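As they're listed, the protein sequences go chains A and B.
Going by our numbering, the first residue of the first sequence is number 1, and it counts up by one from there.
Going by our numbering, the first residue of the second sequence is number 1001, and it counts up by one from there.
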Amino acid sequence: MDFVGNDIIDWSIAKSQHQKLRQRCLEKLFNTHEIDLILKSKSPLKSFWVLWSIKESAYKAWQRATASTPVFNPKSFEIEFDNTPLDNLSSNVTIHTVNILVHTEITKDYIYSYTGSNISYNKIFRGNEYSVFKRFLEQKNYALVKSDTGIPSVLNKNNKQNAPLSISHDGQFVAIAFD
Amino acid sequence: MKLDKNDIIEKLKTIVKPYVNNLDNFEQLNERTEFIKDLDINSANLVDIILDVEDEFDIRIENDDMERMLSVGASLEIIESKLAS
């Protein structure tokens, strides 16, 4: 399966969302192992958003790959970390016996997760750099298109081929990943 | 306190409004309105909405119901069934 999914978190906004660490909130999104990881970490709120972005990336990739109707089932996506979390980490997300590899980049400004293996173009834009990206697409004779179910892809107008694409925006950031 | 459908929708509108990024569609909200697709609500805020709904109506929403709480209509149906039980 071709997994393409990403999720960016603007840390300047996310860092004030302390209500996310309420027990009732954690229990709706994470299993006991994940909650434990979050609460025992140096920065629980940062860890919350790291785990959230991992699940969201995997969810977007899985929804595209299975062409399923949207559901809100974060607990069905279970995370295992391959290594001790550092600034750049890898995790394995399991959904209904399917495994999805996700990488996460953590900086002082953002948290960015994206699925591994199938992504050849991966970029984060700030402010209006995104319009620069759109001009870049036009120059190459590509176009951003959306299916009826709202799933985006890149259309290569030269050969009429569609490549899966994932877009995520939060605050000042837009992140684009495609195959 | 007995709530009819319109009461519930009005309360639901108050709950979701802070998270809405498409106010035009919010003004035209109806049962078919979808939170993410039409109101451009960040998926990270869905859990906040669900917790606010639990508090406002004094109900508990389990995972099975939470999975489909993506539209006004689905939310209305879930809230009504919880209030009736």
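Cβ coordinates follow ideal geometry from the N, Cα and C atoms, glycine included.
These figures come from a predicted structure and were not determined experimentally.
Open item on the list: Checking 8 Å against the spacing of the C-beta atoms, do Ser-57(A) and Gly-5(A) come in under that value?
Closed with: For the purposes of this step, residue 57(A) is identified with residue 57 of the first sequence, where counting begins at 1. For the purposes of this step, residue 5(A) is identified with residue 5 of the first sequence, where counting begins at 1. Contact flag set, yes.
TODO: Can you give me the start and stop residues for the beta strand (DSSP E) that Lys-146(A) sits inside?
DONE: Along the first sequence, one-based indexing puts residue 146(A) at 146. Residues 142 to 146.
Task: Segments assigned beta strand (DSSP E), at least 3 residues, entirely inside the stretch 66 to 125 of chain A - done: Within the stretch 66 to 125 of chain A, the complete beta strand (DSSP E) runs of at least 3 residues fall at 78 to 81, 88 to 95, 98 to 106, 110 to 115.
Task: Residue from Phe-81(A), Asn-156(A), Gly-150(A), Asp-10(A) with nearest C-alpha to Ser-166(A) - done: Within the first sequence, the letter at position 166 stands for residue 166(A). Closest option to Ser-166(A), Cα to Cα, is Gly-150(A).
Task: Buried versus exposed call for Pro-164(A) [16 or more other C-beta atoms within 10 Å across all chains shown] - done: Position 164 of the first sequence, counted from the first residue, corresponds to residue 164(A). Pro-164(A) should be labelled buried.
Open item on the list: At the level of alpha carbons, what is the spacing between Phe-1057(B) and Lys-46(A)?
Closed with: Indexing the second sequence from 1 puts residue 1057(B) at position 57. Indexing the first sequence from 1 puts residue 46(A) at position 46. Distance between Phe-1057(B) and Lys-46(A), taken at the CA atoms: about 31 Å.
Open item on the list: Let me see if you follow: with CB-CB separation under 8 Å, is Ile-1015(B) close to chain A or not?
Closed with: In the second sequence, counting from the first residue as 1, residue 1015(B) sits at position 15. Interface flag for Ile-1015(B) against chain A is unset, since no Cβ pair is found closer than 8 Å.
Open item on the list: With H, G and I counted as helix, E and B as strand and the rest as coil, what does DSSP make of Val-154(A)?
Closed with: Position 154 of the first sequence, counting from 1, holds the residue named residue 154(A). Secondary structure of Val-154(A) (DSSP, three-state): strand.
TODO: For chain A, find out if any of its Cβ atoms is closer than 8 Å to the Cβ of Lys-1005(B); answer yes or no.
DONE: As a working note, residue 1005(B) is residue 5 in the second sequence. For Lys-1005(B), the answer is no, since every Cβ of chain A falls outside 8 Å of its Cβ.
- [ ] Please name the residue in Asn-1063(B), Ile-1079(B), Val-1072(B) whose C-alpha comes closest to that of Gln-1028(B).
- [x] Residue mapping note: residue 1028(B) aligns to position 28 of the second sequence, counting from 1. For the residues Asn-1063(B), Ile-1079(B), Val-1072(B), the minimum Cα distance to Gln-1028(B) belongs to Val-1072(B).
Task: Presumed contact (8 Å Cβ cut-off) between Ser-113(A) and Val-102(A), rounded CB distance - done: Here residue 113(A) refers to the residue found at position 113 of the first sequence. Here residue 102(A) refers to the residue found at position 102 of the first sequence. Contact holds; Cβ gap of about 5 Å.
TODO: Would you tell me roughly how many angstroms separate the C-alpha atoms of Lys-55(A) and Thr-115(A), rounded to the nearest one?
DONE: Position 55 of the first sequence, counting from 1, holds the residue named residue 55(A). Position 115 of the first sequence, counting from 1, holds the residue named residue 115(A). Taking the straight line joining both Cα atoms gives about 10 Å.
- [ ] Answer with buried or exposed for Ala-14(A), where buried requires no fewer than 16 other C-beta atoms within 10 angstroms of its C-beta.
- [x] If you number the first sequence from 1, residue 14(A) lands on position 14. By the 10 Å Cβ count, Ala-14(A) comes out buried.
- [ ] Helix, strand or coil for Asp-180(A), going by three-state DSSP, please let me know.
- [x] Any question about residue 180(A) goes unanswered here, given that chain A covers just 1 to 179.
Open item on the list: Measuring only the C-alpha atoms, how far is His-33(A) from Phe-136(A)?
Closed with: Along the first sequence, read from residue 1 onward, the residue named residue 33(A) stands at position 33. Along the first sequence, read from residue 1 onward, the residue named residue 136(A) stands at position 136. Their backbone Cα atoms lie some 43 Å apart in a straight line.
Open item on the list: Quick check: is the beta carbon of Arg-1032(B) nearer than 8 Å to any beta carbon in chain A?
Closed with: If you number the second sequence from 1, residue 1032(B) lands on position 32. By this cut-off, Arg-1032(B) is not an interface position.
Task: For Glu-1034(B), three-class secondary structure by DSSP - done: The residue given as residue 1034(B) occupies position 34 in the second sequence. Three-state result, Glu-1034(B): strand.
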